[in-house]
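Engineer:
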Amino acid sequence: MYLDRSLFRIIMRFASVVALVFSLAGCGGGSGGSTGFSVNVPIQSLDGAWFGSMNDTADVLRSYQITIAGGAISQILVDAVDQGLTGSIVRESDTLFTLTLSDGTVVAFFIDAAVQHAGFVDDGFNFGVVQKDAPGLPTFFINDTDGNWSGNSVVTDFTTSQEFASTASCLNLLCTANGNGVSTNVDLSGAFSSAFGRWQGTFNNSAGDSGVITVMLSADKQFAGSFACDAAGVFPVDCDFSGWVKQ
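For what it's worth, the numbering used here labels the leading residue of the sequence shown as 106, then goes sequentially.
#1: From which residue to which residue does the beta strand (DSSP E) around Ser347 run?
#2: If the criterion is Cβ atoms closer than 8 Å, does the pair Ile318 and Gly302 meet it?
#3: Can you say whether Gly377 is buried or exposed, counting buried as having 16 or more other CB atoms within 10 angstroms of its CB?
#4: Taking the CB atoms as reference points, tell me whether Asn285 and Phe232 lie closer together than 8 Å.
#5: Does the distance from the C-beta atom of Thr191 to that of Ile178 stay below 8 Å?
#6: Compute the beta-carbon to beta-carbon distance between Trp254 and Ala273, rounded to the nearest angstrom, for a pair I have assumed lies under 8 Å.
#7: Taking the beta strand (DSSP E) that Asp249 falls in, what are its first and last residues?
#8: State the Cα-Cα distance for the pair Val212 and His222, rounded to the nearest angstrom.
#9: Got a sec? Which residues, its chain only, sit under 8 Å from Asp152 by beta carbon, not counting five neighbours each side?
#10: Starting from the Cα of Trp349, find the closest Cα among Ala337, Phe332, Asp228 and give me that residue.
#11: With Thr203 and Ile216 assumed to form a contact (beta carbons below 8 Å), what rounded beta-carbon distance in angstroms separates them?
#12: Does the Cβ-Cβ distance between Phe241 and Val234 come in under 8 Å?
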């Protein structure tokens, strides 16, 4: 679930602000095939209450809900507490949206084809996965990551962007991903949270990169987001952000 950093180093930077790119591990090579990610989604399609879990900057797990109405952010709840924030939304590409909150925080929001799941990361390194109108979080099981996954990535330098596709397979906490000529091995046997659906582990790939990875699932367990950082890396320049749709 790691996107090769030689192809995908910084997803998007506004001054010193990171935005999100969710992709499949290894970075997909070119286009083609069903990736489970959408195109040409209008901002108004995001309207709804998106609920899920967040791994905050201190590595603490929290519930998270963002409500979007009329193409704008109307409320954010963290652990069911209203943060008193609103915000605007700008579409950056077919699947990537930049959210600017009323306190100046910049968040990137990456959606799936059904506009039912999203991953996000902000410039403070709060990372999470949400599902539209999810009633709550279920109990997660250690092998919920098992299966075949595919997705899409967006790489941008502020003036141009490029999308890639890749595929991966996971079984018993071990994943192998392939894309764009890079093969990635992931071991998710580290810390696991059954309450929030978070797995932590390590990765290494055929490009010679290795480090730590965190994976989080949506409430229906059909969408996964992850971030992977090089062993001696610094956020955001040495981290990659990934998103998966279960096949």
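Even glycine gets a Cβ: it sits at the ideal position worked out from N, Cα and C.
Structural biologist: Taking the structure as given:
#1: 344-351
#2: no
#3: What the structure shows of the chain is the stretch from 106 to 352, and residue 377 is not part of that stretch, so it cannot be assessed.
#4: no
#5: yes
#6: 5 Å
#7: No beta strand (DSSP E) holds Asp249; DSSP gives it neither H nor E.
#8: 16 Å
#9: Ile173, Ala174, Gly175, Gly176
#10: Phe332
#11: Not quite, the Cβ-Cβ distance comes to about 13 Å (not below 8 Å), so this is no contact.
#12: Correcting the residue type first, residue 241 is Gly in the shown sequence and not Phe. No, the pair does not count as a contact, with Cβ atoms beyond the cut-off.
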